[in-house]
Amino acid sequence: MRMVDLIEKKRDGKELTKEEIQFIIKGYTNGEIPDYQMSAFAMAIYFQGMTEAERAELTMAMVHSGETIDLSAIEGIKVDKHSTGGVGDTTTLVLGPLVASVGVPVAKMSGRGLGHTGGTIDKLESIPGFHVEIDKDEFIRLVNENKIAVIGQTGNLTPADKKLYALRDVTGTVNSIPLIASSIMSKKIAAGADAIVLDVKTGAGAFMKKLVDSKELANAMVKIGNAVGRKTMAVISDMSQPLGRAIGNALEVQEAIDTLKGEGPEDLQELCLTLGSYMVYLAKKANSLEEARENLEKSIQSGKALEAFKTFIQAQGGDPSVVDDPMKLPQAKYTFELEAKEDGYVAEIVADSVGTAAMWLGAGRATKESTIDLAVGLVLNKKIGDEVKKGESLVTIYSNQEDIEEVKQKLYESIAISKEKVERPTLIYETITE
Ligand code: URA
Ligand code: CA
104 MRMVDLIEKK RDGKELTKEE IQFIIKGYTN GEIPDYQMSA FAMAIYFQGM
154 TEAERAELTM AMVHSGETID LSAIEGIKVD KHSTGGVGDT TTLVLGPLVA
204 SVGVPVAKMS GRGLGHTGGT IDKLESIPGF HVEIDKDEFI RLVNENKIAV
254 IGQTGNLTPA DKKLYALRDV TGTVNSIPLI ASSIMSKKIA AGADAIVLDV
304 KTGAGAFMKK LVDSKELANA MVKIGNAVGR KTMAVISDMS QPLGRAIGNA
354 LEVQEAIDTL KGEGPEDLQE LCLTLGSYMV YLAKKANSLE EARENLEKSI
404 QSGKALEAFK TFIQAQGGDP SVVDDPMKLP QAKYTFELEA KEDGYVAEIV
454 ADSVGTAAMW LGAGRATKES TIDLAVGLVL NKKIGDEVKK GESLVTIYSN
504 QEDIEEVKQK LYESIAISKE KVERPTLIYE TITE
C-alpha cells in the first residue's frame, strides 16, 4: 500500500477499507507516514467526509494505536460520560457520586485542565488531602468497594489521536465531524468504557456553536459507539451561558455538594439527572429511564448521594468533613460584587469570556505550566432571563488579588442587559438514543 494512493482515493470521494485505514493510522503513529501526507489526508477527509463504516474503523484504529485500559476486574457495566466542554461545567463532580450511589461503577480516569478552570482532578484537589496518585490495583479495589474512584491519566492512550489532533490544529482540519467524533470516541473506548453517555454542548460558549452542527456531531458519535459495540447515548445541552452558577475549582466543589443535597442550581440539577438516568439505564441498574431518574432523585432526597461523595473523598485521602463544612475548602481573600449599571433583564452571558475572566483571576491555566489558584473564581447571581435592578449584584468575584479592574471590565463586556423581557434558554435540546 502507498499513502499517496490512499490520499488520492479519499480526495476522489471513495470509501477506504478497514485495512487501508489501519495502514494509515499505524504508519502515522510509528512515523513512517510523514506529517505532510497526513495533512493532505486530513484535508481530504475534511472535504469528502467519511462513511459510517470508515468512521468506526478510524476510531478503532486509533484505539489500537496505543495502550488501552482493562477494567474487566471491575464488576458491572462501566459507563463513562463525556462532555464536549464548556464553562463552569460541574456535572462530572455531581454525576460521579450520584450514579455510584445507585450502584453504577464509576472508574474515572481524569486529567488536569487547560483554560477557564481546572479539570476534574484540579477541582477535587481543592478538598484538603484528596489525591489521585493511587495505583491501578487500588483503583480497581476502590471502585469495587465504593463504586467510585478517580485516577490520574496513565499510560500511552491513543497516541495516534494526540499526534493527529496536534496536526489538525495547525492545518485547518479541526472542524471535521468524522475527525472530531473519532477523536473523542477513541479516547473514551481506550479508557475502558463499556457504554458512553455524551453531553454535546451547543451555543456561544461551546465548541459547536450551531445546533445543527451539535446534532450532527452527536449523531456521528452515537453511531460510532453503537457500531463498535459500546452502547452510546447523547444529550444536546445549552452552553449559551455557563452551566450552574459557580466557575472556579473550590467554588464548583461547593456547588456540587449543594447539588448532591438537592439544593443546587436548577439547570445543573436537571442536566445531571438527565445524564445520570442515561448512565444508570446503560449500566442496567434500572429497567427504564423513568425508573433510573426516580432512583437518582430518591438518592438525593435520602442523603445517599451525599454519603457516596463523603466515602469517595475519604477513600482518596481527603477530608470528608468539607461536605458539611465547606469553609474548610480554600477561601479567597477578597470578594467583590459586579453591580448592574442599569435595570432590565439579563439577555446574554457569553460563556467563553466569563471563562476568560475566571482564568485571569487564576482559576485556570493559560499554559500547561501555569499554576492554578483553587480558591478563586466567579459565582453568577443572575442568569439569562432574570430581572435585574441597577446596583444589584450580577456576579460575585472571589479573588486573591485586590486589583480586579480588568476582570470587572471583561465581565461587563460579557453580560448584556436588555430593557425587554428575555426568555430563559432551553437547557436540553435533544436526546439521541440510537
Ligand atoms: N475534542 C477532541 O478530543 N477531539 C477533537 O477532535 C475535537 C475536540
Ligand atoms: Ca458550574
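Numbering (this note's numbering), first residue to last: 104 to 537. For glycine and all other residues, C-beta sits at the position ideal for the given N, C-alpha and C. Given the structure is predicted, the values throughout are model-derived calculations rather than measurements.
Which of the three DSSP states, helix, strand or coil, is assigned to residue i?
i, result
"Leu477", "coil"
"Gly275", "coil"
"Thr193", "coil"
"Val235", "coil"
"Ala252", "strand"
"Thr187", "coil"
"Leu245", "helix"
"Ser168", "coil"
"Glu160", "helix"
"Glu397", "helix"
"Val525", "coil"
"Ala203", "helix"
"Glu495", "coil"
"Ala176", "coil"
"Asp422", "coil"
"Leu217", "coil"
"Asp341", "strand"
"Leu483", "strand"
Verify whether the separation of the beta carbon atoms of residue i and residue j is less than 8 Å.
i, j, result
"Leu119", "Glu157", "yes"
"Thr193", "Glu355", "yes"
"Ala309", "Gly189", "yes"
"Leu530", "Leu399", "no"
"Ile292", "Thr162", "yes"
"Ile475", "Pro528", "no"
"Lys492", "Ala443", "yes"
"Ser229", "Ala411", "no"
"Val453", "Arg348", "no"
"Glu537", "Val325", "yes"
"His185", "Asp302", "yes"
"Glu445", "Ile520", "yes"
"Val209", "Ile251", "yes"
"Ala176", "Ile128", "no"
"Thr220", "Ser213", "no"
"Gly169", "Leu260", "yes"
"Ala298", "Lys239", "no"
"Gln140", "Gly116", "no"
"Gly480", "Leu464", "yes"
"Val457", "Asp489", "no"
"Ala435", "Tyr381", "no"
"Leu385", "Val300", "yes"
First and last residue of the alpha helix (DSSP H) that includes residue i?
i, result
"Glu373", "Glu369 to Leu385"
"Ala389", "Here Ala389 belongs to no alpha helix (DSSP H), and DSSP marks it neither H nor E."
"Ile416", "Lys407 to Ala418"
"Val354", "Note that residue 354 is Leu in the sequence shown, not Val. Run containing Leu354: Asn352 to Leu363, per the alpha helix (DSSP H) assignment."
"Thr261", "First-last for Thr261: undefined, no H or E at that position."
"Thr223", "Thr223 to Leu227"
Tell me where the beta strand (DSSP E) around residue i begins and ends.
i, result
"Lys211", "Val209 to Ser213"
"Ile535", "Ile531 to Ile535"
Entirely within the region 292 to 339 and at least 4 residues each: give me those alpha helix (DSSP H) ranges in chain order. If we require 4 residues or more, the alpha helix (DSSP H) runs fully inside the region 292 to 339 come out as 314 to 330.
Residue ranges of each alpha helix (DSSP H) within the region 111 to 137, 4 or longer: Taking only runs of at least 4 residues, the alpha helix (DSSP H) segments lying wholly in the region 111 to 137 are 121 to 132.
Note down, one range per segment and in chain order, each beta strand (DSSP E) of at least 3 residues found wholly within the region 425 to 474. As far as the region 425 to 474 is concerned, its whole beta strand (DSSP E) runs of at least 3 residues are 437 to 442 and 447 to 452.
Can you tell me which residues fall inside 5 Å of ligand 1, judged by beta-carbon distance to its nearest heavy atom, and keep chain order? In chain order, the qualifying residues are Ile283, Ser286 and Ile287.
Mind listing, in chain order, the continuous alpha helix (DSSP H) runs of no fewer than 4 residues lying wholly within the region 497 to 523? Runs of the alpha helix (DSSP H) lying entirely within the region 497 to 523 and spanning at least 4 residues, in chain order: 508 to 517.
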